[in-house]
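Report on the following structure.
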Amino acid sequence: MGAWQPRDEVESGAGWRLWMALSARVWPDESWDGTPAAAVAGLHEIAWECAALRSACPGDAPVLRLVDSVVFVLSLPLELWRDDHLPVDADRAALLHSDLAGVVEHFAGVRTVLAEGGGWAELV
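Mapping of the sequence shown onto the numbering used here: position 118 corresponds to residue 1151, and the numbering continues sequentially without gaps.
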C-alpha cells in the first residue's frame, strides 16, 4: 500500500479525517434488519467523507491516493448491495460477508498507513 507523509496541516487534517471515517463500524450492529442494503449503509457515509476530502485537498495531495483506494474498494460492495432490500439467505450472507471482510481488511491497511505517516501509530 505504500507510505504516506503529510506535507502540511491541511493534509494532516485530511489524513486524520480519513482515519476517523475508516474507524467507523463497517459490520452491521444488533439493529441490522438482515438486508444487504442496511449492511452496507455505513459505506455510504465513508464514500461521502471521501468525496468531501477530495474536494478539500489539492489535487496532488498524496493523501488522495489513499482516499481513492478507499473509494475503489468500497465501490463494488456498495454498488452490488445498496439497493438489495431482501433479507439474506445463507448463500447471500456468505457473499455479503466476504465483500465486507475485504473492505474491512483494506480499511485496516489504510488506517495503518495513515497512523504511521501521521504520527499517531499508537492508536492502531
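Just so you know, even glycine gets a beta-carbon here, dropped at the ideal spot from N, CA and C.
Residue of the options minimising C-alpha distance to residue i
i, options, result
"glycine 1067", "Arg1058, Val1121, Ser1108", "Val1121"
"leucine 1109", "Leu1133, Trp1037, Pro1095", "Leu1133"
"proline 1091", "Glu1138, Met1053, Trp1081, Val1043", "Val1043"
"methionine 1053", "Arg1144, Asp1116, Asp1124, Leu1129", "Arg1144"
"glutamate 1082", "Leu1099, Pro1069, Ala1070", "Leu1099"
"valine 1103", "Asp1062, Glu1155, Glu1138", "Glu1138"
"proline 1035", "Asp1041, Pro1095, Asp1116", "Correcting the residue type first, residue 1035 is glycine in the shown sequence and not proline. Per the Cα distances, Pro1095."
"arginine 1115", "Ala1084, Glu1078, Asp1101, Asp1093", "Glu1078"
"leucine 1051", "Ser1131, Arg1125, Ala1084, Glu1063", "Ala1084"
"alanine 1126", "Leu1055, Trp1060, Pro1039, Trp1049", "Trp1060"
"arginine 1040", "Leu1055, Asp1062, Asp1093", "Asp1093"
Whole-angstrom C-beta distance between residue j and residue i, which should lie under 8 Å
i, j, result
"leucine 1107", "valine 1136", "6 Å"
"alanine 1154", "alanine 1148", "5 Å"
"alanine 1047", "alanine 1089", "6 Å"
9 Å Cβ cutoff met for residue i and residue j
i, j, result
"leucine 1097", "arginine 1087", "yes"
"tryptophan 1065", "alanine 1057", "no"
"tryptophan 1037", "glycine 1152", "no"
"histidine 1118", "alanine 1070", "yes"
"alanine 1080", "leucine 1128", "no"
Proximity test, residue i beta-carbon vs the ligand NAP heavy atom, cut-off 8 Å
i, result
"leucine 1109", "As for the ligand NAP, it is missing from this structure, which has no ligand bound."
* Contiguous alpha helix (DSSP H) assignments of at least 4 residues, all confined to the stretch 1039 to 1098 -> 1042 to 1055, 1069 to 1072, 1074 to 1089
* Asked: Taking the runs of the beta strand (DSSP E) that are 3 residues or longer, which of them lie wholly in the stretch 1102 to 1147?
  -> none
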